[in-house]
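Written below as structure tokens is the structure these notes are about.
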Amino acid sequence: MKIAVYGATGMVGSQIVAEALRRGHQVTAVTRTGSEVEGAAARAAELGDRKAYKEIAGGHDVVVFAIPPSRAGESHEPFVSAHQDIAETLVKARVFVVGGAGATEVNGVQLKDTPGFPEAFKPEAESMSRVLDAYRDASGVNWTILAPAPMIAPGTRTGEYKLGADSPVGDSVSTQDFAVAVLDELENPRHENRRFTVAN
Numbered sequence: 002m003k004i005a006v007y008g009a010t011g012m013v014g015s016q017i018v019a020e021a022l023r024r025g026h027q028v029t030a031v032t033r034t035g036s037e038v039e040g041a042a043a044r045a046a047e048l049g050d051r052k053a054y055k056e057i058a059g060g061h062d063v064v065v066f067a068i069p070p071s072r073a074g075e076s077h078e079p080f081v082s083a084h085q086d087i088a089e090t091l092v093k094a095r096v097f098v099v100g101g102a103g104a105t106e107v108n109g110v111q112l113k114d115t116p117g118f119p120e121a122f123k124p125e126a127e128s129m130s131r132v133l134d135a136y137r138d139a140s141g142v143n144w145t146i147l148a149p150a151p152m153i154a155p156g157t158r159t160g161e162y163k164l165g166a167d168s169p170v171g172d173s174v175s176t177q178d179f180a181v182a183v184l185d186e187l188e189n190p191r192h193e194n195r196r197f198t199v200a201n
């Protein structure tokens, strides 16, 4: 399978690249600067560059987006607008988005709107919620969003995890096992045109 990964050098994206390469897939690492990633082809592209996205999607079976919105205080509008555009751009490639835990639901209420949700993470959660809405409103695009558990961090690759629909199924997940879940879904699609969640 030909897989392009935006955010290929990030905490999550690097593990998705590693897992895809481990399984023998052809991977293109997409970053702003075209950084070299061992075992993968390199491509420079910005998230909001529609022309580059269409070129990349045209040469791959799947395009994975493992890029969070800015955590440096910058506006999230370009990030949200880019995903809104991607959701409305018809391509043959499957679109796979690394979602956010804040947009998952507890008793029908998004986690970001529950008491005690950290204020520092609320802007990112709000933006990821809007991204989810954009794909849910899309037509003609084959998309999937996988949201991690509330805590995601580097850890150990166990190859074991739990899946859920819209509600968290655990408190944490390692980036390695998150990547295993991503590749399992790409190789054996079971959540096309919907969001699901994963935890250890």
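Residue numbers for the sequence shown, in the numbering used here: 2 to 201.
Every residue, glycine too, gets a C-beta built ideally from N, C-alpha and C.
Given residue i as reference, the closest of the options once Cα atoms are compared
i: Pro151; options: Thr115, Gly35, Val92, Phe97; result: Thr115
i: Val65; options: Ser140, Val170, Val96, Leu133; result: Val96
i: Ile57; options: Val28, Ser76, Gln16; result: Val28
i: Gly60; options: Ile4, Arg131, Trp144; result: Ile4
i: Thr10; options: Pro69, Asp50, His26, Val92; result: Pro69
i: Phe80; options: Ala43, Val63, Ser130, Val92; result: Ser130
i: Ala19; options: Gly40, Val92, Ser76; result: Gly40
i: Asp62; options: Ala94, Arg72, Ser76; result: Ala94
i: Gly156; options: Val31, Ala43, Val142, Thr176; result: Thr176
i: Asn189; options: Ser15, Glu127, Thr145; result: Thr145
i: Arg195; options: Asp138, Ser173, Val174, Ala182; result: Asp138
i: Pro149; options: Ser128, Gly141, Ser173; result: Ser173
i: Asn211; options: Val107, Glu186, Glu193; result: This structure gives no information on residue 211, because the portion of the chain shown stretches from 2 to 201.
CB-CB length for residue i against residue j, believed under 8 Å
i: Ala45; j: Gly8; result: With a Cβ gap of about 13 Å, Ala45 and Gly8 do not count as contacting.
i: Arg24; j: Leu184; result: 6 Å
i: Tyr136; j: Val98; result: 7 Å
i: Pro169; j: Ala102; result: 7 Å
i: Asp178; j: Thr105; result: The Cβ separation is near 17 Å, so there is no contact.
i: Leu133; j: Ala83; result: Contact doesn't hold; Cβ gap of about 14 Å is too wide.
i: Asn201; j: Gly171; result: 6 Å
i: Ile17; j: Ala180; result: 5 Å
i: Arg72; j: Glu125; result: 7 Å
i: Ala31; j: Val13; result: Residue identity check: residue 31 is Val in the sequence provided, not Ala. Wrong, their Cβ atoms sit about 14 Å apart, outside the cutoff.
Three-state secondary structure (DSSP) of residue i
i: Thr32; result: strand
i: Val92; result: coil
i: Ser71; result: coil
i: Ala180; result: helix
i: Arg23; result: helix
i: Ala9; result: coil
i: Ser173; result: strand
i: Val38; result: coil
Chain B within 7 Å of residue i, Cβ atoms only
i: Val107; result: Protein chain content of the structure displayed is limited to a single chain, and chain B is not contained in it.
Whole beta strand (DSSP E) elements within the region 101-168, 3-residue minimum: If we require 3 residues or more, the beta strand (DSSP E) runs fully inside the region 101-168 come out as 144-148, 152-154, 163-165.
Meets three-Cβ-pair contact criterion under 8 Å: the region 80-94 and the region 29-38: In short, these stretches do not touch, since the Cβ pair count stays below three.
The region 106-115 touching the region 154-162, judged by at least three CB pairs closer than 8 Å: Contact fails: fewer than three Cβ-Cβ distances are below 8 Å.
Complete runs of the beta strand (DSSP E) confined to the region 41-66 [at least 3 residues]: Given a length threshold of 3 residues, each whole run of the beta strand (DSSP E) inside the region 41-66 is given here in chain order: 42-45, 63-66.
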